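Here is the structure we will look at, set down as structure tokens.
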Amino acid sequence: MEDNRVIKTKDVNFFYGKFRALTDISMDFEKRRVTALIGPSGCGKSTLLRLLNRMNDLIDGTHVEGEVLFEGKNIYAPDVDPVEVRRRIGMVFQNPEDQIVATLIEEDTAFGPENLAVPLAEIRARVQSALETVKMEGKKDRPPHLLSAGQKQRVALAGVLAMQPECVIFDESTAMLDPRGRLDVMAEMQQLHERGITVLFITHFMEEAARANRVVALNQGNLVFDGTPKALFAD
Ligand code: ADP
Ligand code: MG
Numbered sequence: 006m007e008d009n010r011v012i013k014t015k016d017v018n019f020f021y022g023k024f025r026a027l028t029d030i031s032m033d034f035e036k037r038r039v040t041a042l043i044g045p046s047g048c049g050k051s052t053l054l055r056l057l058n059r060m061n062d063l064i065d066g067t068h069v070e071g072e073v074l075f076e077g078k079n080i081y082a083p084d085v086d087p088v089e090v091r092r093r094i095g096m097v098f099q100n101p102e103d104q105i106v107a108t109l110i111e112e113d114t115a116f117g118p119e120n121l122a123v124p125l126a127e128i129r130a131r132v133q134s135a136l137e138t139v140k141m142e143g144k145k146d147r148p149p150h151l152l153s154a155g156q157k158q159r160v161a162l163a164g165v166l167a168m169q170p171e172c173v174i175f176d177e178s179t180a181m182l183d184p185r186g187r188l189d190v191m192a193e194m195q196q197l198h199e200r201g202i203t204v205l206f207i208t209h210f211m212e213e214a215a216r217a218n219r220v221v222a223l224n225q226g227n228l229v230f231d232g233t234p235k236a237l238f239a240d
């Protein structure tokens with residue numbers, strides 16, 4: 006039987022220096038599911054999702070106890086390349102300005118695969134496909150700074166998709182958007198889900214959490230709810 010759980014954490018504690026930001030987190034994320042992560046500001050949501058793709062490694066003085074398994078392999082094992090982990094589990098941040106690096110949309114989308122030394126013809130194909138997915142192919146030769154915040158966020162997503170991730174994490178990626186932009190980004194998540202990509206997202210908006218297959222809630226670094234949106238709202 007195929008194991009449908011793509012990411013598992015086992016007894017994870019996470020520390021910034023001496024401060025414990027996550028306590029005894031053991032959970033599974035199923036393949037091809039959309040999971041929402043909720044909880045008050047400062048409860049550890051970003052820390053938890055950044056633990057899953059080793060983004061937390063980029064911060065000095067952090068320390069992980071326990072295991073994080075991706076496709077059955079501990080991503081914190083010494084022989085694992087964190088850059089490859091971050092390629093396979095991509096991330097879209099709250100502010101697209103933090104993610105957009107180039108002066109033209111097309112160049113921005115090509116940036117990730119170029120750094121992976123992907124052959125040029127394949128880069129072109131990936132850029133085309135990623136921009137089509139986020140419905141920005143018609144604007145590919147424009148500068149990203151002229152776009153709306155929602156469009157910028159879709160360009161940021163295209164850059165992640167060009168790396169061909171198996172999982173995409175959105176860390177409050179709708180927080181800075183107007184209602185229209187938020188709906189667009191939520192629609193993109195749904196589309197990724199339909200294409201077989203595992204989606205994890207952090208949100209403050211209950212109506213967004215309601216659209217997930219599963220909701221996980223944290224409080225002060227502890228897992229306090231894990232179930233369907235329906236069960237959450239009944240609670
Ligand atoms: P959330 O995303 O739920 O708002 P975070 O994961 O960002 O919460 O933060 C969880 C806790 O870890 C908070 O108490 C926060 O102050 C602390 N924290 C976050 N980032 C750092 C850091 N780089 N250094 C030290 N403490 C941090
Ligand atoms: Mg956060």
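For the sequence shown, the working numbering begins at 6 and goes up steadily by one. Idealized CB from N, CA, C, for every residue including glycine. All values derive from a computational prediction rather than experimental measurement.
On the premise that residue j lies in contact with residue i, defined as a C-beta separation below 8 Å, what is that separation, rounded to the nearest angstrom?
{"i": "GLY164", "j": "GLY117", "result": "6 Å"}
{"i": "ASP189", "j": "ARG216", "result": "The pair is not a contact, with the Cβ atoms about 13 Å apart (cut-off 8 Å)."}
{"i": "ALA26", "j": "PHE19", "result": "5 Å"}
{"i": "ALA239", "j": "HIS209", "result": "With 8 Å as the limit, ALA239 and HIS209 do not qualify as a contact, their Cβ atoms being about 20 Å apart."}
{"i": "LYS15", "j": "GLY71", "result": "5 Å"}
{"i": "PRO101", "j": "LYS157", "result": "4 Å"}
{"i": "ASP176", "j": "GLN99", "result": "6 Å"}
What is the rounded straight-line gap between the Cα of residue i and the Cα of residue j?
{"i": "SER178", "j": "SER46", "result": "15 Å"}
{"i": "THR108", "j": "ILE80", "result": "34 Å"}
{"i": "SER153", "j": "ALA122", "result": "31 Å"}
{"i": "ALA192", "j": "CYS172", "result": "16 Å"}
{"i": "GLN169", "j": "ASP103", "result": "20 Å"}
{"i": "VAL69", "j": "THR233", "result": "28 Å"}
{"i": "VAL139", "j": "GLU212", "result": "22 Å"}
{"i": "ASP231", "j": "VAL17", "result": "16 Å"}
{"i": "GLU197", "j": "ILE174", "result": "Sequence inspection shows Leu at residue 197; the Glu mentioned does not correspond to that position. Distance between the alpha carbons of LEU197 and ILE174 is about 11 Å."}
{"i": "PRO133", "j": "ARG38", "result": "According to the sequence provided, residue 133 is Gln. The question's Pro does not apply to it. About 26 Å."}
{"i": "LYS235", "j": "ALA214", "result": "10 Å"}
{"i": "VAL106", "j": "GLU112", "result": "9 Å"}
{"i": "PHE75", "j": "ARG185", "result": "34 Å"}
{"i": "MET32", "j": "ASP183", "result": "33 Å"}
{"i": "LEU56", "j": "LEU166", "result": "20 Å"}
{"i": "GLY155", "j": "ARG187", "result": "7 Å"}
{"i": "ILE207", "j": "ALA161", "result": "16 Å"}
Classify residue i: buried if its beta carbon has 16 or more other beta carbons within 10 angstroms, exposed otherwise.
{"i": "LEU42", "result": "buried"}
{"i": "ASN58", "result": "buried"}
{"i": "ALA95", "result": "The question names Ala, but residue 95 in the sequence shown is Gly. With 16 or more Cβ atoms within 10 Å of its Cβ, GLY95 is classed as buried."}
{"i": "GLY22", "result": "exposed"}
{"i": "PHE24", "result": "exposed"}
{"i": "VAL90", "result": "buried"}
{"i": "VAL97", "result": "buried"}
{"i": "VAL73", "result": "buried"}
{"i": "VAL88", "result": "exposed"}
Check whether the region 218-227 and the region 54-69 are in contact - that is, three or more C-beta pairs closer than 8 Å. no
Given 8 Å, three or more beta-carbon pairs between the region 149-161 and the region 122-132: With a cut-off of 8 Å, the region 122-132 and the region 149-161 do not count as touching, because too few Cβ pairs lie within range.
Count Cβ pairs between the region 133-144 and the region 201-213 that sit closer than 8 Å; are there 3 or more? Too few Cβ pairs lie closer than 8 Å, so no.
Would you call the region 80-89 in contact with the region 48-55, where contact means no fewer than 3 C-beta pairs closer than 8 Å? Between the region 80-89 and the region 48-55 there are fewer than three C-beta pairs closer than 8 Å, too few to call the two in contact.
Return the chain-ordered ranges of every alpha helix (DSSP H) run that is complete within the region 105-171 and spans a minimum of 4 residues. 110-120, 125-138, 154-166
Counting only runs of 3+ residues fully inside the region 174-231, write out the beta strand (DSSP E) ranges in chain order. Counting only runs of 3 or more, we get 203-207, 219-224.
Which ranges would you report for the beta strand (DSSP E) in the region 26-90 if only whole runs of at least 3 residues count? Within the region 26-90, the beta strand (DSSP E) runs of at least 3 residues that lie entirely inside it are, in chain order, 39-43, 67-75.
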